[in-house]
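Engineer: Please find one structure pasted underneath; my questions will follow.
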Amino acid sequence: MTVTLAPKRPATVLTTNAVFVGRSIRHTLRNVDALIMAMVLPVMLMLLFVFVFGGAIEPGGDYVNYVVPGIILLCAGFGAASTAVDVAGDMTNGIIDRFRTMPIQGSAVLTGHVVASLLRNLLATGVVIVVALLVGFRPTANPLEWLAAIAMVALYILAITALYVAIGLAARSAEAANGFGFILLFLPYLSSAFVPTSTMPSWLQWISDNQPITPVIESIRSLLTGTEMGNSGILALGWCVLIIVIAAVWGTTLFRRKAARR
Amino acid sequence: MNTAIDIRGLRKSFGSQTVLGGIDLSVAAGSIFALLGPNGAGKTTLINILATLSLPDAGTASVAGHDVVRDARGVRGAISLTGQYAAVDEVLTGEEVLRMMARLNGYTPVAGRTRSSELLARFELTDAARKLVKTYSGGMRRRLDLAISLLANPAVIFLDEPTTGLDTRSRQSLWEIINGLAAGGTTVFLTTQYLEEADVLADRIGVINEGVIVAEGTAAELKARIGGDVVELRDASDELVREIPTDGTVHGLRAAIDQLDALAVPGTHVSIRKPSLDDVFLALTAHDSQLESNLEGARS
Chain U
133 MTVTLAPKRP ATVLTTNAVF VGRSIRHTLR NVDALIMAMV LPVMLMLLFV
183 FVFGGAIEPG GDYVNYVVPG IILLCAGFGA ASTAVDVAGD MTNGIIDRFR
233 TMPIQGSAVL TGHVVASLLR NLLATGVVIV VALLVGFRPT ANPLEWLAAI
283 AMVALYILAI TALYVAIGLA ARSAEAANGF GFILLFLPYL SSAFVPTSTM
333 PSWLQWISDN QPITPVIESI RSLLTGTEMG NSGILALGWC VLIIVIAAVW
383 GTTLFRRKAA RR
Chain H
3 MNTAIDIRGL RKSFGSQTVL GGIDLSVAAG SIFALLGPNG AGKTTLINIL
53 ATLSLPDAGT ASVAGHDVVR DARGVRGAIS LTGQYAAVDE VLTGEEVLRM
103 MARLNGYTPV AGRTRSSELL ARFELTDAAR KLVKTYSGGM RRRLDLAISL
153 LANPAVIFLD EPTTGLDTRS RQSLWEIING LAAGGTTVFL TTQYLEEADV
203 LADRIGVINE GVIVAEGTAA ELKARIGGDV VELRDASDEL VREIPTDGTV
253 HGLRAAIDQL DALAVPGTHV SIRKPSLDDV FLALTAHDSQ LESNLEGARS
């Protein structure tokens, strides 16, 4: 039998990252149940809000145009939440130890999860938009506005995924990560996703107006359906960048501590 | 004789608990060394330090000529670690796992495929290559895990309890593989709780208990340490009632029988047998006062 000799040097940083992105995408594709849930759940929620609650919230029947941006963000939240579970799993089941004893950059494991989450959630967003168009969503956006809206969604997905990565690193087990992550999923309900914040009691309105999800939703809504943008765009960008920075610092500290030699 | 692993005065504590109390060991290149000890003896801690996962509190260790503290990257380039629990991606196929790990080891995609196929064949996993790892048996997982370890053609392989939880047949098949590795020039450092495993595989055995190497040598040397024969007392249904090791002299034999007499335990017949590695192990790790004082001496 011929024996292929091992290479002299290990993989480059670029190859390492590419391999881990491929690994996480494979994981996503293999986890068919989770993938389907990540797409079906937001669609079901959208149909629920449009056809069941929509008539009561906005008797005119135009509610679908209002709610779609909110559903997109809800969907991104669902899809990104599993990142926390995946990261916690990798950190606790011994697989990270194998990577750490190899002469490669161990943190590339996380890059893989982030990129896979981004792709997975953009795909789910696409599904939501297609179904929305079928049930009467009529956006007024031109191609440039579409592009800007998708970029906004992508930035939001990155931000929330980064946060979930940090949560996954902080959790002691995959189950715990799942529990912590659940809290973040409530944020869209306390925003302008489903009803204008002006309809809420004043104390709740203050929370809704000043939490990160409202400006993100308002800017996507403005880009797609032409509502008032105001300072939502700037606020949304600021919030997303701020979340990414906090999550990156927190995550890096946690990863260093967990992957450090003790 | 080249030294693959050199450990001097290695100490490690977690909080107030001393896990390694000053380890000195030397492992020759191309040999199989078995670290034998009960749960909690410090086996995994020692392997983690050697494989650059943990830092020692004091002492030095070098693996394949690289210092584990100062030159972790050099060590990582020369070793593979197969941990206690086969750490492989469950939702990938065996082939995918190997190809992925091959890429991480610096193989080009084409060379990675070739090498993966070779290893799958060598570890009798070709039929299962396209099946998801989660459908693999414990033995298959361990073989896949070992195949991953071999991708880098490492000079030193660390195996942390490689056969724990496996059935006899899988265990023997792993033993053959491990023997094959050493025959190919790889240094194997393994931990085990099984005396038989150490006896069958290892060129040299280190017995570890409570963070201290209590004996080191070949299986034959260790057996000789306990000296002579063992006196067994059995009851009418041939159940073992008591056994007492002797130093092999007539005096020792008489002392053992006197001891049995003094204990006044029920028994019908006495026999004498050669010591097994179990006896050595029990004698070396038993909590008798003599050993305790030896350990105290070693710790201070």
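These protein sequence lines map, in sequence, to chains U and H.
Using the working numbering, the letters of the first sequence correspond one by one to residues 133 to 394.
Using the working numbering, the letters of the second sequence correspond one by one to residues 3 to 302.
Virtual Cβ for every residue (Gly too), placed ideally from N, Cα, C.
Step through the CB atoms of chain H and report whether any lies within less than 8 Å of the CB of P235 of chain U.
Structural biologist: As a first step, residue 235 of chain U is located in the first sequence; it is residue number 103 there, counting from the start. Answer yes: the Cβ-Cβ gap between P235 of chain U and chain H drops below 8 Å somewhere.
Engineer: Could you check whether the segment 143-156 of chain U touches the segment 240-249 of chain U, counting it as contact only if at least three pairs of C-beta atoms, one from each stretch, sit closer than 8 Å?
Structural biologist: Contact between the segment 143-156 of chain U and the segment 240-249 of chain U is present, because at least three Cβ pairs lie under 8 Å.
Engineer: Please classify P328 of chain U: is it buried, with 16 or more other beta-carbons within 10 angstroms of its beta-carbon, or exposed?
Structural biologist: The residue you call residue 328 of chain U lines up with position 196 of the first sequence. Exposed, by the Cβ-count rule.
Engineer: Which residues of the segment 265-299 of chain U have a Cβ closer than 8 Å to any Cβ of chain H? Give them in chain order.
Structural biologist: The segment 265-299 of chain U vs chain H, Cβ under 8 Å: nothing.
Engineer: Evaluate I143 of chain H with the Cβ neighbour count: other Cβ atoms within 10 Å of its Cβ, from every protein chain shown; 16 or more gives buried, anything less gives exposed.
Structural biologist: The residue labelled residue 143 of chain H in the question sits at position 141 within the second sequence. Residue identity check: residue 143 of chain H is Arg in the sequence provided, not Ile. The residue is buried, with at least 16 neighbouring Cβ atoms inside 10 Å.
Engineer: Identify the continuous beta strand (DSSP E) that holds S82 of chain H and give its terminal residues.
Structural biologist: Numbered from its first residue, the second sequence carries residue 82 of chain H at position 80. Element bounds for S82 of chain H: 81-84.
Engineer: With DSSP run on the structure shown, which of helix, strand or coil describes P247 of chain H?
Structural biologist: As a working note, residue 247 of chain H is residue 245 in the second sequence. It is a strand residue.
Engineer: Jot down the residue ranges of each uninterrupted alpha helix (DSSP H) in the segment 210-244 of chain H, minimum 4 residues, whole runs only, in chain order.
Structural biologist: List check, alpha helix (DSSP H) in window: 221-227.
Engineer: Taking A257 of chain H as the reference, give the member of H:S151, H:D240, H:V243, H:V232 with the closest Cα.
Structural biologist: Here residue 257 of chain H is taken as the residue at index 255 of the second sequence, counted from 1. Closest by alpha carbon: H:V232.
Engineer: Taking Cβ-Cβ distances shorter than 8 Å, what residues in chain H pair up with R304 of chain U?
Structural biologist: Numbered from 1 along the first sequence, position 172 holds the residue referred to as residue 304 of chain U. What R304 of chain U touches in chain H: nothing, since even the nearest Cβ is about 17 Å away.
Engineer: Quick one: give me the first and last residue of the beta strand (DSSP E) that L27 of chain H is part of.
Structural biologist: In the second sequence, residue 27 of chain H corresponds to position 25, counting from 1. Per DSSP, L27 of chain H belongs to the beta strand (DSSP E) from 19-30.
Engineer: On the criterion of 16 or more Cβ atoms from any shown chain inside 10 Å, does R1 of chain H qualify as buried, or is it exposed?
Structural biologist: The structure shown does not extend to residue 1 of chain H, since chain H spans only 3 to 302, so no value can be given for it.
Engineer: I need the boundaries of the beta strand (DSSP E) containing T2 of chain H, first residue and last residue.
Structural biologist: Chain H is shown from 3 up to 302; residue 2 of chain H falls before or after that span and cannot be answered.
Engineer: Please confirm if the segment 329-336 of chain U is in contact with the segment 247-257 of chain U, defined as three or more CB-CB distances below 8 Å between the two stretches.
Structural biologist: The segment 329-336 of chain U vs the segment 247-257 of chain U: no contact.
Engineer: Is there a Cβ from chain U that is less than 8 Å from the Cβ of M102 of chain H?
Structural biologist: Your numbering for residue 102 of chain H matches position 100 in the second sequence. Yes - at least one Cβ of chain U is within 8 Å of the one on M102 of chain H.
Engineer: Using 8 Å as the threshold, is the segment 58-68 of chain H in touch with the segment 84-101 of chain H, meaning 3 or more CB pairs across them?
Structural biologist: Touching, no, given that fewer than three Cβ pairs across the two stretches are closer than 8 Å.
Engineer: L227 of chain U CB to nearest chain H CB: under 8 Å?
Structural biologist: Within the first sequence, numbered from 1, the residue matching residue 227 of chain U stands at position 95. Reading the sequence as shown, one finds Ile at residue 227 of chain U and not Leu. Yes, because at least one Cβ of chain H sits closer than 8 Å to the Cβ of I227 of chain U.
Engineer: Name the residue from H:L83, H:I9, H:A36 whose alpha carbon lies nearest to the alpha carbon of G67 of chain H.
Structural biologist: Here residue 67 of chain H corresponds to residue number 65 of the second sequence, with the count starting at 1. Nearest C-alpha to G67 of chain H: H:I9.
Engineer: Say whether chain U places a C-beta atom closer than 8 Å to the C-beta of I207 of chain H.
Structural biologist: As a first step, residue 207 of chain H is located in the second sequence; it is residue number 205 there, counting from the start. Judged by the 8 Å Cβ criterion, I207 of chain H is not in contact with chain U.
Engineer: Give, in chain order, every unbroken run of the beta strand (DSSP E) that is at least 3 residues long and sits entirely within the segment 157-217 of chain U.
Structural biologist: Taking only runs of at least 3 residues, no beta strand (DSSP E) segment lies wholly in the segment 157-217 of chain U.
Engineer: Tell me, please, which residues DSSP counts as bridged to G208 of chain H.
Structural biologist: Here residue 208 of chain H refers to the residue found at position 206 of the second sequence. Answer is H:L37, H:E218, bridged to G208 of chain H.
Engineer: Would you say H159 of chain U faces chain H, with C-beta separation under 8 Å as the test?
Structural biologist: Numbered from 1 along the first sequence, position 27 holds the residue referred to as residue 159 of chain U. Closer than 8 Å: yes.
Engineer: Please report how far the alpha carbon of T293 of chain U lies from the alpha carbon of W371 of chain U, in whole angstroms.
Structural biologist: Here residue 293 of chain U refers to the residue found at position 161 when the first sequence is read from its first residue. Here residue 371 of chain U refers to the residue found at position 239 when the first sequence is read from its first residue. Distance between the alpha carbons of T293 of chain U and W371 of chain U is about 14 Å.
Engineer: Helix, strand or coil: which one does DSSP assign to I159 of chain H?
Structural biologist: By one-based count along the second sequence, residue 159 of chain H stands at place 157. In this structure, I159 of chain H counts as strand in the three-state DSSP scheme.
Engineer: Within the chosen definition, does the segment 185-205 of chain H reach the segment 247-266 of chain H through at least 3 CB pairs nearer than 8 Å?
Structural biologist: Touching, no.
Engineer: Using 8 Å as the threshold, is the C-beta distance between T270 of chain H and D237 of chain H below it?
Structural biologist: Position 268 of the second sequence, counted from the first residue, corresponds to residue 270 of chain H. Position 235 of the second sequence, counted from the first residue, corresponds to residue 237 of chain H. It is a contact, given that the beta carbons lie within the stated cut-off.
Engineer: Is it buried or exposed, F318 of chain U, if we count other Cβ atoms within 10 angstroms and call 16 or more buried?
Structural biologist: The count along the first sequence starts at 1 and reaches residue 318 of chain U at position 186. Exposed, by the Cβ-count rule.
Engineer: On the three-state DSSP scale, how would you describe L57 of chain H?
Structural biologist: Sequence index remark: in the second sequence, residue 57 of chain H carries index 55 (1-based). Coil, per DSSP.
Engineer: With DSSP as the reference, label F16 of chain H as helix, strand or coil.
Structural biologist: Position 14 of the second sequence, counted from the start, is the residue given in the question as residue 16 of chain H. Note: F16 of chain H maps to strand in three-state DSSP.
Engineer: Mind checking D147 of chain H: buried by the 16 CB within 10 Å criterion, or exposed?
Structural biologist: Along the second sequence, one-based indexing puts residue 147 of chain H at 145. With 16 or more other Cβ atoms within 10 Å, it is buried.
Engineer: Thinking C-alpha only, which one of U:P275, U:V263, U:P320 is nearest Q343 of chain U?
Structural biologist: If you number the first sequence from 1, residue 343 of chain U lands on position 211. The shortest C-alpha separation from Q343 of chain U is found at U:P320.
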